[in-house]
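Chemist: Residues 23 to 297 (this note's numbering) are what the sequence shown spells out, left to right.
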Amino acid sequence: MLDRIRESAEYIQSKSNLNFKIGIVLGSGLGGLKKDIDIECELDYSEIPHFPTSTVEGHSGKLLMGKIDHTPVIALQGRFHFYEGYSLQETTFPIRVFKALGVESILLSNASGGLNPEQSIGDVMIITDHIHHFPDNPLRGKNIDELGPRFPDMSEPYNFSLIEKAKEIGETNDLNLKFGVYVGTSGPTYESRAEYKYFRYIGGDAVGMSTTAETIVAVHSGMKVFGASIISDLGVEGKIVEISHEEVQAVAAKAEPKLSLLFKEIVKHIAVNLA
């Protein structure tokens, strides 16, 4: 594992002289933030040693290196999923590589189904906590001490200060942000009515097929995590309708300007604190 991480990181670093402290993961239909990045280098995942490749429409499969408002960022345009047949160790491999490149803060995005009756389609929900509902954990197996502790603390998986900053950004820019708990599931099926009800009952405000394993690995690595979901459909009783991946992408694309503004402001805030 350590050799694979090192080889991937060395290859990526050979393509850029930038010093990366901030990483970004762009989820379903959310690749438009790319236009806000002054791109220095763009790599297909297939070019990078040991990287998986994305098989899902809406996940472009490109690594972007550049700057947002003069701040270096490295971004995954498209992620990897457990339902594609990858292990959680494989889906989170790029997070390990980000850490090896020097990333200290990571911004995660996704499209998810809303569980909270106060939500509407197109809302942006800041993730305050999560429930990892996958049948596996990315840290299962022998722990590699160089990567992180055997039993990482998860009492603050999403950085409290970044959540507070998001609240401030939302109020300043009239974004009408929501805040809540994200439930991560294996997919690839969307939830049944009973599952929506169950996930709400156990404390969820949104449900999706990614993000929680990435957060676990990022926390294990010592990174600060910020997460946001675009509510692409509703799993609220009385509001449940049939949903397709294409519809999820369409909603995410429409709501993306709000998320892009939020991410740019969060990057700016982190950069000020790094200076």
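Think of the CB as a built atom: it goes at the ideal place given N, C-alpha and C, for glycine as much as any other residue.
1) The alpha helix (DSSP H) spanning F285 covers which residue range?
2) Count Cβ pairs between the region 130 to 150 and the region 226 to 233 that sit closer than 8 Å; are there 3 or more?
3) Just tell me which of P171, N39, M147 has its CA closest to the CA of F201.
4) In or out: T237 buried (at least 16 other Cβ within 10 Å) or exposed?
5) Look up M147 in the DSSP assignment and give the residues it is bridged to.
6) Which whole-angstrom value describes the C-beta separation of G88 and I59, a residue pair presumed to lie in contact below a C-beta threshold of 8 Å?
7) On the criterion of 16 or more Cβ atoms from any shown chain inside 10 Å, does Y223 qualify as buried, or is it exposed?
8) Apart from the five residues just before and just after R118, which ones in its own chain have a Cβ nearer than 8 Å to its Cβ?
9) Measure the alpha-carbon distance for S208 versus P157 and round it to whole angstroms.
10) From the DSSP secondary-structure annotation, give me the bridge partner or partners of S131.
11) For N181, count neighbouring C-beta atoms within 10 Å of its own C-beta (all shown protein chains included) and say buried if the count is 16 or more, exposed if not.
12) Start and end of the alpha helix (DSSP H) containing Q141?
13) Mapping the DSSP letters down to three states, classify N41 as helix, strand or coil.
14) Taking the DSSP output, what are the residues bridged to K164?
Modeler: Inspection of the coordinates gives the following:
1) Taking the first residue of the sequence shown as position 1, residue 285 is located at position 263. It spans 267 to 296 - the alpha helix (DSSP H) in which F285 sits, taken as one unbroken run.
2) By the criterion of at least three beta-carbon pairs nearer than 8 Å, the region 130 to 150 is in contact with the region 226 to 233.
3) As a position in the sequence shown, residue 201 is number 179, starting the count at 1. Of the residues P171, N39, M147, the one whose Cα lies closest to the Cα of F201 is M147.
4) Here residue 237 refers to the residue found at position 215 when the sequence shown is read from its first residue. Here T237 is buried. Its C-beta has 16 or more other C-beta atoms within 10 Å.
5) Here residue 147 corresponds to residue number 125 of the sequence shown, with the count starting at 1. Partner(s): K200, S251.
6) Indexing the sequence shown from 1 puts residue 88 at position 66. Indexing the sequence shown from 1 puts residue 59 at position 37. About 4 Å separates the Cβ atoms of G88 and I59, confirming a contact at the 8 Å cut-off.
7) Here the question's residue 223 lines up with position 201 in the sequence shown. Its Cβ having fewer than 16 others within 10 Å, Y223 is exposed.
8) In the sequence shown, the residue the question calls residue 118 occupies position 96. Excluding residues within five positions, the ones whose Cβ falls inside 8 Å are M23, I27, L169, V239, S243.
9) The residue given as residue 208 occupies position 186 in the sequence shown. The residue given as residue 157 occupies position 135 in the sequence shown. Between S208 and P157, the C-alpha separation is close to 7 Å.
10) Within the sequence shown, numbered from 1, the residue matching residue 131 stands at position 109. Answer is A250, bridged to S131.
11) Against the sequence shown, residue 181 aligns to sequence position 159. Buried.
12) On the sequence shown, position 119 is the one that residue 141 refers to. That residue, Q141, is in no alpha helix (DSSP H); it is neither H nor E in DSSP.
13) Residue 41 sits at position 19 when you count from the first residue of the sequence shown. Secondary structure of N41 (DSSP, three-state): coil.
14) Locating residue 164 in the sequence shown gives position 142, counting from the first residue. Answer by DSSP bridge pairing: none, since K164 is not bridged.
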